[in-house]
Amino acid sequence: MISPFTLELKSGKKTCVCPSGSVVTSDGKDCLCPEGYFMDSLLGCLPCDKTCQTCAGSSVNNCTSCKYPFHFENNLCVCPVGSTYDIISGRCQCPLGKWADIIGCIDCPPWKHKNKNGICVCGDGKYEDGDYCLECAS
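Residues in the sequence shown are numbered from 1485 upward in steps of one, following this note's numbering.
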């Protein structure tokens, strides 16, 4: 594999520099991309497939770990039982009123609970932002 480092002359010294979007490791021997990206030796950090948390390439079968709620099956990140993959949003979709979780389609996402009216809501001190619950400012 070709090294992602490039040599630059800085203050009269040759210095190894990582490609845009990546950082040099603490030992100075390699370049790392942020989570959700992989290192291409020519282009630098490129995005993983939408289903991958981490990857070794851009293809759907290059995932090394999966985003929630996907799980590994036959070297691919797949949706849980009862849900289907929506190619546009890159998310697992369950029947109306259900939420995709690692174990399958459930009534509420793990960070919400059902209120007395049967509606999934955020807990005390939190507010809803799309599908997620965020802490209220104190």
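Idealized CB from N, CA, C, for every residue including glycine. Keep in mind it's a predicted model, so treat the numbers as computed, not measured.
Assuming alanine 1584 is part of the beta strand (DSSP E), what are its boundary residues? Position 100 of the sequence shown, counted from the start, is the residue given in the question as residue 1584. Counting along the chain, the beta strand (DSSP E) containing alanine 1584 begins and ends at 1583–1585.
Contact under 8 Å by Cβ, glycine 1505 with cysteine 1536: Mapped onto the sequence shown, residue 1505 falls at position 21. Mapped onto the sequence shown, residue 1536 falls at position 52. No, the pair does not count as a contact, with Cβ atoms beyond the cut-off.
Methionine 1485 - DSSP class collapsed to helix/strand/coil: Counting from 1 along the sequence shown, the entry for residue 1485 is found at position 1. Annotation note: pLDDT 39 at methionine 1485 (below 50); position unreliable, no value reported.
Near glutamate 1519, which residues of its chain fall below 7 Å by C-beta distance, leaving aside the five closest residues on each side in sequence? Sequence index remark: in the sequence shown, residue 1519 carries index 35 (1-based). Same-chain partners within the cutoff: Gln1537, Thr1538.
Please name the residue in Pro1564, Tyr1569, Met1523, Glu1612 whose C-alpha comes closest to that of isoleucine 1450. No answer is possible for residue 1450: it lies beyond the span of the chain, which begins at 1485 and ends at 1622.
By Cβ distance, which residues of its chain are closer than 7 Å to cysteine 1578, with the 5 residues on each side in sequence left out? Locating residue 1578 in the sequence shown gives position 94, counting from the first residue. Only Gly1566, Ser1567, Ala1584, Cys1589 meet the Cβ criterion.
DSSP three-state call for valine 1565: helix, strand or coil? Looking up residue 1565 in the sequence shown gives position 81. Coil.
Below 8 Å on the Cβ atoms is my contact criterion, and I expect lysine 1610 with cysteine 1604 to pass it. Report the Cβ-Cβ distance as a whole number of Å. Position 126 of the sequence shown, counted from the first residue, corresponds to residue 1610. Position 120 of the sequence shown, counted from the first residue, corresponds to residue 1604. About 12 Å separates the two Cβ atoms, so there is no contact after all.
Rounded to the nearest angstrom, what separates glutamate 1557 and lysine 1534 at their Cα positions? Here residue 1557 is taken as the residue at index 73 of the sequence shown, counted from 1. Here residue 1534 is taken as the residue at index 50 of the sequence shown, counted from 1. Cα to Cα, glutamate 1557 sits roughly 16 Å from lysine 1534.
Whole-angstrom C-beta distance between aspartate 1591 and lysine 1582, which should lie under 8 Å: Your numbering for residue 1582 matches position 98 in the sequence shown. Your numbering for residue 1591 matches position 107 in the sequence shown. Indeed, because the Cβ distance is near 7 Å, the residues count as touching under 8 Å.
What are the boundary residues of the beta strand (DSSP E) that includes isoleucine 1590? Position 106 of the sequence shown, counting from 1, holds the residue named residue 1590. For isoleucine 1590, the enclosing beta strand (DSSP E) has its first and last residue at 1588–1590.
State the Cα-Cα distance for the pair isoleucine 1486 and glutamate 1619, rounded to the nearest angstrom. Residue 1486 sits at position 2 when you count from the first residue of the sequence shown. Residue 1619 sits at position 135 when you count from the first residue of the sequence shown. At isoleucine 1486 the pLDDT is 43, less than 50, meaning the model places this residue with poor confidence; the figure from the coordinates comes in the next sentence. So the alpha carbons of these two residues sit roughly 45 Å apart.
Let's test the definition: count the other Cβ atoms within 10 Å of the Cβ of tyrosine 1521 and tell me whether it reaches 16, buried, or not, exposed. Within the sequence shown, residue 1521 is the residue found at index 37, counting from 1. When all chains shown are included, tyrosine 1521 counts as buried.
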